[in-house]
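Beneath this line is the structure, given in structure tokens, with notes to follow.
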Amino acid sequence: MILTISKRYSHLNFQRLFPHQGLRASVQRPLKSMEVLPLTSLDIGLVPKSIPERVCWITAICNQDNESQKFRWVSDHQLLSVALKLCLGVQSKKDQVAITLNPCNKTNELQQWGCRNETLFSLEGEDLFFHSGNRDEENIILSKGAGVKSKWKIYGTTDDLCSWGYEDIFTLLGNANGAPCVFPFKFNSKWYSECTDAGRTDGWLWCGTTADFDADQLYGFCPLKCKFCINILFAYIQMFFLFLKLEYHM
């Protein structure tokens with residue numbers, strides 16, 4: 001089966017494979033790159049299937065251009081759907097429970113994921129593993145048994161989800177004292193899973209440093225990787241020292 005994950009958000013894309021094959025997915029490295037990388041195994045991936053009060057994942061043909069198949073790490077233990085701005089989770093710690101997407105909650109232990117032996121994707125601290133199901137079961141589920149179907153591979157590479165750890169994106173300036181970005185964050189009642197220039201006319205990318213910018217109003221600017229970044233950084237530094245100088249003389 002195949003799973004797709006993207007840089008900050010990741011989409012699930014599973015492929016039904018033969019018993020000796022595992023899952024592949026694409027993951028994005030939150031701090032080192034801004035591009036979205038799909039997670040999958042061969043040609044089949046996961047797509048969302050809406051059911052009452054939750055979203056499950058079923059197998060489908062893997063498509064790197066399908067936003068609904070993209071996911072990303074948003075903390076050391078949380079995975080976010082890029083398209084839906086929801087986090088990968090389960091309803092209970094039980095065998096054969098369907099893996100679903102739910103509103104992100106960093107304190108919810110049912111949304112905490114980890115890796116065993118650096119390759120097997122599992123619910124953090126539990127002997128319950130990610131499993132791509134079988135030929136008769138299209139939902140992605142938790143399973144007490146671990147094996148090749150518990151591996152989430154990065155589509156188009158030999159890497160897997162467990163080899164792409166999360167790294168914080170620490171902010172510049174703003175009013176959050178350099179605090180890291182929090183994804184997803186809400187701005188003007190809309191959820192964002194990456195840095196944005198929304199609400200600005202100068203094009204600077206920024207992020208919320210709490211989940212609810214509308215309520216907390218805490219933000220910072222995102223480090224950029226471009227040929228003008230050095231000049232931009234110097235400009236920020238000059239502005240900062242000018243501000244300190246003005247404050248000193250007042």
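1 is the number of the first residue of the sequence shown in full-length UniProt numbering; add one for each residue after it. Where is the CB? At the ideal position from N, CA and C, for every residue including glycine. Note that the coordinates shown come from a computational prediction; the quantities given were computed from them, not determined experimentally.
DSSP state of residue i mapped onto helix, strand, coil
i: residue 104; result: coil
i: residue 32; result: For residue 32, the predicted structure reports a pLDDT of 27, less than 50, and the residue's modelled location is therefore unreliable. A value from the coordinates is still provided. In the structure shown, residue 32 sits in coil (DSSP, three-state: anything other than H, G, I, E or B).
i: residue 128; result: coil
i: residue 160; result: strand
i: residue 68; result: helix
Cβ-based neighbour list, residue i, same chain, cut-off 8 Å, excluding 5 preceding and 5 following
i: residue 91; result: 54, 97, 98, 100, 110
i: residue 198; result: 187, 188, 190, 192
i: residue 203; result: 197
i: residue 222; result: 169, 171, 172, 181, 195, 205, 206, 207
Cα-Cα separation between residue i and residue j, rounded to whole angstroms
i: residue 69; j: residue 85; result: 12 Å
i: residue 218; j: residue 201; result: 19 Å
i: residue 174; j: residue 214; result: 15 Å
i: residue 140; j: residue 131; result: 6 Å
i: residue 89; j: residue 177; result: 31 Å
i: residue 117; j: residue 106; result: 24 Å
i: residue 27; j: residue 216; result: Note on residue 27: pLDDT 36, under 50, position unreliable in the model; no value is reported.
i: residue 152; j: residue 165; result: 13 Å
i: residue 122; j: residue 81; result: 17 Å
i: residue 159; j: residue 120; result: 13 Å
i: residue 74; j: residue 127; result: 23 Å
Sequence-distant residues of its chain with Cβ nearer than 6 Å to residue i (five each side left out)
i: residue 211; result: 182, 185
i: residue 95; result: 144
Any non-hydrogen atom of the ligand FMN within 6 Å of residue i CB
i: residue 219; result: As far as ligands go, the structure on display features none, and thus does not contain the ligand FMN.
Residue(s) in a DSSP beta bridge with residue i
i: residue 98; result: 141
i: residue 219; result: 208
i: residue 180; result: 170
i: residue 113; result: 123
i: residue 199; result: DSSP output for residue 199 lists no bridge partner at all.
i: residue 82; result: In the DSSP output, where bridge partners are listed per residue, residue 82 has none listed.
i: residue 190; result: 187
i: residue 74; result: According to DSSP, residue 74 bridges with nothing at all.
i: residue 251; result: Absent from the structure is residue 251, since the part of the chain shown begins at 1 and ends at 250.
Neighbourhood of residue i by C-beta distance below 7 Å, restricted to the same chain and skipping five residues each side
i: residue 51; result: With a pLDDT of only 35 at residue 51, under the threshold of 50, the placement of this residue in the model should not be trusted, and no figure is reported.
i: residue 77; result: 112, 113, 114, 124
Any C-beta of chain D under 7 Å from that of residue i
i: residue 208; result: Judged by its chain identifiers, the structure shown contains no chain D, having just a single protein chain.
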